[in-house]
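Take a look at the structure below.
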Amino acid sequence: MADMDTERAAARRDLAVRAAVEQGLVGGADGSEPLVCLLDVAGIRASAAALTGAFAAALPPGTPVLHAFAVKAAPLVPVLALLADAGLGCEVASPGELALARAAGVAPEHTVLDSPAKTPAELREALALGIAVNADNPQELERLDALVASAPTRSPIGVRINPQTGAGTIGALSTATATSKFGTALRDPGAREWLVRAYLDRPWLTRLHVHSGSQGVPPALAAEGVRELHALAEEINAAAGRRQVDTLDIGGGLPVNFGSDAETPTYAQYVAALREAVPALFSGAYGLVTEFGRSLLAKHGLVLSRVEYTKVTGGRPIALTHAGVQLATRTVYAPAAWPLRILPYDAKGAPLTGAPVAQDIAGPACFAGDLLASARELPLLSPGDLIAVPDTGAYAFTAHYGYNSLPRPAVHGFTVTASGEVRFAMARPAQSLTEIAAEAGGGFTRALL
Ligand SMILES: *Cc1c(COP(=O)(O)O)cnc(C)c1O
387 MADMDTERAA ARRDLAVRAA VEQGLVGGAD GSEPLVCLLD VAGIRASAAA
437 LTGAFAAALP PGTPVLHAFA VKAAPLVPVL ALLADAGLGC EVASPGELAL
487 ARAAGVAPEH TVLDSPAKTP AELREALALG IAVNADNPQE LERLDALVAS
537 APTRSPIGVR INPQTGAGTI GALSTATATS KFGTALRDPG AREWLVRAYL
587 DRPWLTRLHV HSGSQGVPPA LAAEGVRELH ALAEEINAAA GRRQVDTLDI
637 GGGLPVNFGS DAETPTYAQY VAALREAVPA LFSGAYGLVT EFGRSLLAKH
687 GLVLSRVEYT KVTGGRPIAL THAGVQLATR TVYAPAAWPL RILPYDAKGA
737 PLTGAPVAQD IAGPACFAGD LLASARELPL LSPGDLIAVP DTGAYAFTAH
787 YGYNSLPRPA VHGFTVTASG EVRFAMARPA QSLTEIAAEA GGGFTRALL
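The opening residue of the sequence shown carries number 387 in my numbering; numbering runs sequentially from there.
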């Protein structure tokens, strides 16, 4: 079943690449469309259904569950609206992300605000809207004390804990180390007692939050953080003599396989790891919130770039393309942690075949390290060919990096009809040169004279 889904997704991708060329979204002899980004709408829906299905299968019917998509993974309004249509909400961590969720029509009761540096104004707005808020630290809790006392709110409020269960393989993404910047530490001296007291003193604290998984963190380690969360909730509720904590927000953080089309680990496997580590999570005694990002979107995004030139330098073939650091920032700056596949196609959008040759796949930015792949074995690329970069639907082209004033490329969603016809729908237009100039202070030309 999973293998068939994988094959279908790969078949849809090949159809979409060819159609993108035929319909003029990319390529063109005049060089006008060197770069485009695509999203597989059916794939996104399938991931959303896999997520909701995996938890629904494990929970007693009627258990309240909110799957809030982590907006930072793919901050595009049409994507949020698509996920909302599939029953998901939004996890936001900035006023900009909240604005996107609202623009997508996501209801306040389906929205969760997490951020380590919320301003008083952000907190006030969230409480006025009734959005769920997870406080990061004791100082934020003091701000909330004042706000809750000054005006009634429907917002469910919780505290984010750092379970200090240890790092994964990528340091910059490990949120549960002893000294991580996120949340209130659980294992520091006196911390647990302080947390229990904080809840007993504040009857309006009804949630607990952890987000300890991420790329490089195995599901079993993330599940340990959730076990700590559940144990703390039980301790608070026992001390309170009532079920004060009624909802556990277990964060996101399911890693993604960047090595092949296989979607592993699956949500069902993560649910199994959670059941193993903390069976009581599925008793129905607590409502659940999840905050997955990467695992919902990464596999369904594709960058498609024309090869502009090729050359051989020091014996190494190099393909110069338009896809580089602006679209795959993490891959370029930390290639060992964030490898991406490169799929070669010819100028007509058919898969390119030929004997593999070690080539560098270079981007357009003006620094030597702007490479999506080094010494990658691929059929020898020629000018006019295309490279596709799969698995870029999260934290890649949706997290544009403005180096060299390179424009944000257009994003098109695609669907494939039963007869194999590919239909594209623009989800974000390409950034125009006028917009680039305006963002760069173009309205203030003489300001420094
Ligand atoms: C980034 C983030 C997420 C999403 O993480 P993924 O690894 O993309 O699933 C969820 N919750 C919080 C608090 C985050 O910061």
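Every residue gets a Cβ at the ideal spot worked out from N, C-alpha and C, and that includes glycine.
C-beta contact flag for residue i and residue j at 8 Å
i	j	result
residue 501	residue 472	no
residue 710	residue 748	yes
residue 857	residue 569	With the chain running from 387 to 835 in the structure shown, residue 857 is simply not present.
residue 432	residue 808	no
residue 512	residue 499	yes
residue 740	residue 765	yes
residue 778	residue 819	no
residue 742	residue 688	no
residue 664	residue 613	yes
Residue environment, residue i, which counts as buried when at least 16 other CB atoms sit within 10 Å
i	result
residue 832	exposed
residue 551	buried
residue 724	buried
residue 505	exposed
residue 555	exposed
residue 803	exposed
residue 574	exposed
residue 619	buried
residue 791	exposed
residue 567	exposed
residue 769	exposed
residue 409	exposed
residue 458	buried
residue 719	exposed
residue 814	buried
residue 830	exposed
Any non-hydrogen atom of ligand 1 closer than 7 Å to residue i Cβ
i	result
residue 817	no
residue 678	yes
residue 475	no
residue 597	yes
residue 601	yes
residue 902	Nothing in the structure corresponds to residue 902, since the chain is present only between 387 and 835.
residue 632	no
residue 640	yes
residue 637	yes
residue 567	no
residue 500	yes
residue 685	no
residue 536	no
residue 697	no
Rounded separation between residue i and residue j - CA only
i	j	result
residue 785	residue 395	23 Å
residue 559	residue 797	26 Å
residue 387	residue 649	Note that residue 387 has pLDDT 47, beneath the 50 cutoff, so the model's placement of it is unreliable and the number below is only indicative. Roughly 12 Å separates the two Cα atoms.
residue 467	residue 610	32 Å
residue 738	residue 685	21 Å
residue 733	residue 713	22 Å
residue 637	residue 598	7 Å
residue 827	residue 524	39 Å
residue 537	residue 436	40 Å
residue 342	residue 627	Given that the chain is displayed from residue 387 to residue 835, the structure contains no residue 342 and the question cannot be resolved.
residue 651	residue 535	44 Å
residue 389	residue 508	45 Å
residue 539	residue 623	22 Å
residue 549	residue 563	8 Å
residue 606	residue 690	35 Å
residue 496	residue 438	14 Å
Reference residue i, options the options, closest by Cα
i	options	result
residue 656	751, 642, 688 and 389	642
residue 795	411, 660 and 398	411
residue 752	721, 724 and 708	708
residue 666	634, 790 and 729	634
residue 587	647, 562, 596 and 630	630
residue 679	428, 815, 434 and 407	434
residue 731	757, 591 and 773	773
residue 761	816, 681, 701 and 812	701
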